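Participant:
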Amino acid sequence: MKREDVVYFGAGPAGLPTDVLTTAASALLNYQETGLGVAEHSHRSTLAADIVNTMKADLAEFLEIPPSHDVLIMQGGGSGQFDATVYNSVLVWVETQRQKIVRANPSINEEDLIKQLQQKVQSDLRLDYLVTGSWSLKANQEAVRLLGPTHVNVATDSRKLNDGKFGKIADESTWQLSDKPAMIYLCENETVDGVEWPSFPKTLESRASDDQTLVVGDFSSTILSRRIPFDQFSIVYFGAQKNLGLPGITVVVIKKSLLSILSQGKPDLARKIGLPVPPTILDYAVAAKNNSLYNTLSIFDVFVAGQVLKKLLATFPDKVRGQEALSGKKAALLYGVLDSYPEVYKVVPDESVRSRMNLCFRVTKGGNVDEAERAFIRGATERGLLGLKGHRSVGGIRVSNYNVVDEAGAQKLATYLKDFATSP
Ligand code: PLP
């Protein structure tokens, strides 16, 4: 099959625009007539620093990241951030508590400081998770693995609303948040379950304004397709492999005030009071201090992300707003067709939380779902519509409507959905 005959709806890694890949392929062989490819140059070179700085600046421009926040490029994927967010919020919490204790008693000795901190850990240290799907659940489970269950609170679990399955989001008034959680964590778009937050919870607005509670958002599967109210988030992170570029780099947008607390923090002290200390490569303060180049970074991945951003900036004069409107239009087109054939398609999540990026549905035509879904995939493959199989944990069909899928691609799928539904 030729590349131009394919529309790829895979959930990640996603496809990339062909012109970006053409530029990347040439840069891989010989970057700017240097005789070396971009992946062969040292990550310590000026050339590499330029690629990193340009990518960061273009990202900040496209997403309108305010000067209060810094951009870090890290490794270890979204899964690495499940850990990094825990480690770093614990360090922020310890340093904030230490400062409070020392302010109240400036001459306190280390032994008493440790005793007081240990008491605080037992009585107060809680990380809150809003569990709305498989990825926030995984993040929550990772926090329990690192800290133990007493320090981790599930403030809401969507499965309780929906017969043990994800597909809804509970009203904020029902959440059971801790009194002063060190962190509140949400996943903006649940890639596996097709659930997206329709708006950002009001509860977060007041919380993120101080540095007592870190509000953390995993934006891995909708990044660059939705405006983010950065003032409501202490940390926003995302893997590159859906809307930004290739797998291999993970971006963290973090409040500078937190970096400043982290740089005063003492991991030693956290260890002495029995809390886990981040590995150096997951320590946000280390990444910030080294302009994301503490260890060897894949400059090729950063270059590709930079090319995606240049293309987006050239395509959408009103930046992320433009892409947001287009993503909404493509999703409305596809859901519109699915809803027109209720005998054939059943969208899995509740209408109120349907994802614009990952459309999850079952094919019920003829009554035998397995058979109907196999026929659906077969017919789609014949038309070059690829990557439509649902996640192995939930089955069904999943259309990943990432930015790389243009309007014509979405239209091609919409036509197939209609043809499949109406064929005998
Ligand atoms: N968070 C979300 C929303 C995801 O979709 C994924 C992966 O698809 C992850 C986290 C985990 O990312 P990684 O595979 O890079 O660890």
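Quick note: the sequence shown, position 174, residue 174 per the UniProt record's numbering, numbers continuous.
A virtual CB, placed ideally from N, CA and C, is assigned to each residue, including glycine.
Predicted, not measured: the structure shown is a model, and the values here were computed from it.
(1) In the DSSP assignment, the alpha helix (DSSP H) including Gly218 goes from what residue to what residue?
(2) Asn189: beta carbon under 7 Å from a heavy atom of ligand 1?
(3) Got a sec? Which residues, its chain only, sit under 7 Å from His43 by beta carbon, not counting five neighbours each side?
(4) Can you tell me which of Trp135, Gln232, Asn189, Ile281 puts its alpha carbon nearest to the alpha carbon of Leu204?
(5) Which class does Phe238 belong to by DSSP, given the choice of helix, strand or coil?
(6) Which value, in whole angstroms, describes the spacing of the CA atoms of Ser234 and Ile377?
(7) Just list the alpha helix (DSSP H) runs in the region 261 to 308, keeping only unbroken ones of 4 residues or longer that don't cross its boundaries, in chain order.
(8) From Thr280 to Thr54, what distance separates their C-alpha atoms?
(9) Got a sec: does ligand 1 put a non-hydrogen atom nearer than 7 Å to the Cβ of Asp350?
(10) Could you check what DSSP says for Phe376 in three-state terms: helix, strand or coil?
(11) Let me check one thing: in DSSP terms, what residues is Ile73 bridge-paired to?
(12) On the DSSP bridge assignment, give the partners of Thr156 in chain order.
(13) Let's test the definition: count the other Cβ atoms within 10 Å of the Cβ of Gly194 and tell me whether it reaches 16, buried, or not, exposed.
(14) Consult DSSP for Leu334 and reduce its assignment to one of helix, strand or coil.
(15) Could you tell me which residues DSSP pairs with Met183 in its beta bridges?
(16) In its own chain, which residues sit with a C-beta less than 6 Å from the C-beta of Thr156, not counting the 5 before and 5 after it?
(17) For a test of the three-state rule: what should DSSP assign to Tyr8, helix, strand or coil?
(18) In chain order, what residues of the same chain have a beta carbon less than 7 Å from the beta carbon of Gln323, not counting five sequence neighbours either side?
Facilitator: Short version:
(1) Going by the sequence as given, residue 218 is Asp instead of Gly. No alpha helix (DSSP H) holds Asp218; the beta strand (DSSP E) holding it covers 214 to 218.
(2) yes
(3) Leu293, Thr296, Leu297, Ile299
(4) Gln232
(5) strand
(6) 41 Å
(7) 267 to 272, 284 to 289
(8) 25 Å
(9) no
(10) Here Phe376 carries a helix assignment [DSSP, helix/strand/coil].
(11) Val251
(12) BP columns for Thr156 point to Leu130.
(13) With 16 or more Cβ atoms within 10 Å of its Cβ, Gly194 is classed as buried.
(14) helix
(15) Leu127, Leu214
(16) Non-local beta-carbon contacts of Thr156 in its own chain, meaning distances under 6 Å to residues more than five positions away in sequence, involve Leu130, Ala170, Trp175 in chain order.
(17) strand
(18) Leu224, Ser225, Leu312, Phe316, Asn403
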